[in-house]
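Quick note: the sequence shown uses our numbering, first residue 150, plus one each step.
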Amino acid sequence: MYNNNFKELVNSAVESSNSFYSNNLKNEPNPFYVGFGNPNSNILIFGKEQGYDVNEHNNEILLYESINNPYEWKNYIDNNILPNKTRFYETKLNYVNAFRPYLVKMGGGGHTYNKYHNLISNILDNVEIDKNENSFFEHVFISEVNHKPSKLSQINTLNDNLRIEFLKNDYYNSFNVIICACGNYLNDNQIYNIFNLKLVNDFSEPNERFKVYSDGKRVLINTRQLSMNIKNDYLKRISLVAKEYLK
């Protein structure tokens, strides 16, 4: 069930992670963090970064969500395990697995997962997506531009060379629709160098970044972070462009 591009990405991530952690402490965020969701989806979303601070209280979260992420995917590939909601670790934390990391992490209306659910529902308007248990993960693959978790943004633009090179992987470039909900973390030149897509339209409005990059077959939509006071109309505008590349 796993396509070759994804298998190669995970193998590369595991090999690079082994090398990285042979020279760094095991409590460092993983530059080769792969992501969560459905690897066979046609839609890829990049957020800014995972939303928690790295400290002694979050070491277990960092281990599951970042450090071990490539190894968890490697286990699923090697054992041909299908998407499921079975806990990968025995833990008191709410983390479930890389297919659907959380079943109850919707929070209030401004939570990023709520916005992702609404966006995917708008794009796939012919598919009924249950809001319970974050089932939108069945229809999208989600990663982060910046691999270093933080509750508040700590960078203006991405300048980590290990992460930048990893994002150039063929798997990430195989999606018809890429939504970079990361504000100005990536500039026009970086988007071209990573995804080989050029800016074709800028529909941005105040507080609503909306830049479109395309080669005619694939599209990358650069938006603001999708959380807090995001208007549904903004999500609908994004979805209208995305749908054109899923036909």
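Note that CB positions come from ideal geometry on N, CA and C, so glycine has one too.
Quantities reported herein were computed from a predicted structural model and do not represent experimental measurements.
According to DSSP, is residue i helix, strand or coil?
i: Asn246; result: coil
i: Thr235; result: coil
i: Val390; result: helix
i: Glu277; result: coil
i: Glu177; result: coil
i: Phe324; result: coil
i: Lys264; result: helix
i: Glu209; result: helix
i: Ile304; result: coil
i: Leu395; result: coil
i: Lys241; result: coil
i: Asn204; result: coil
i: Ile230; result: coil
Please report the straight-line C-alpha distance between residue i and residue j, rounded to a whole angstrom.
i: Arg373; j: Phe181; result: 23 Å
i: Gly186; j: Lys380; result: 24 Å
i: Tyr96; j: Asp382; result: Residue 96 lies beyond the range of the chain shown here (150 to 396); nothing can be said about it.
i: Cys175; j: Glu393; result: Correcting the residue type first, residue 175 is Lys in the shown sequence and not Cys. Near 43 Å, if we compare the C-alpha coordinates of Glu393 and Lys175.
i: Asn224; j: Glu354; result: 44 Å
i: Leu158; j: Asn322; result: 11 Å
i: Tyr265; j: Asn371; result: 14 Å
i: Phe324; j: Arg367; result: 7 Å
i: Ile340; j: Cys331; result: 12 Å
i: Leu389; j: Ser270; result: 12 Å
i: Glu293; j: Leu193; result: 10 Å
i: Asn208; j: Val349; result: 42 Å
i: Asn160; j: Leu268; result: 31 Å
Going by the beta-carbon positions, is the gap between residue i and residue j smaller than 9 Å?
i: Leu252; j: Lys234; result: yes
i: Gly184; j: Ile313; result: no
i: Phe155; j: Ile226; result: yes
i: Asn283; j: Arg249; result: yes
i: Phe195; j: Ile328; result: yes
Just reading off the beta strand (DSSP E) that residue i is part of, what are its end residues?
i: Glu293; result: 290-293
i: Leu193; result: 192-196
i: Lys156; result: Premise fails: Lys156 lies in the alpha helix (DSSP H), 153-172, not in any beta strand (DSSP E).
On the DSSP bridge assignment, give the partners of residue i in chain order.
i: Asn371; result: Cys329, Lys360
i: Glu104; result: This structure cannot settle anything about residue 104, because the visible part of the chain is limited to 150 through 396.
i: Asp351; result: Lys360
i: Gly186; result: Phe290
Taking the alpha helix (DSSP H) that residue i belongs to, which residues open and close that run?
i: Gln339; result: 337-344
i: Asn378; result: Element bounds for Asn378: n/a, residue is neither H nor E.
i: Lys223; result: 218-227
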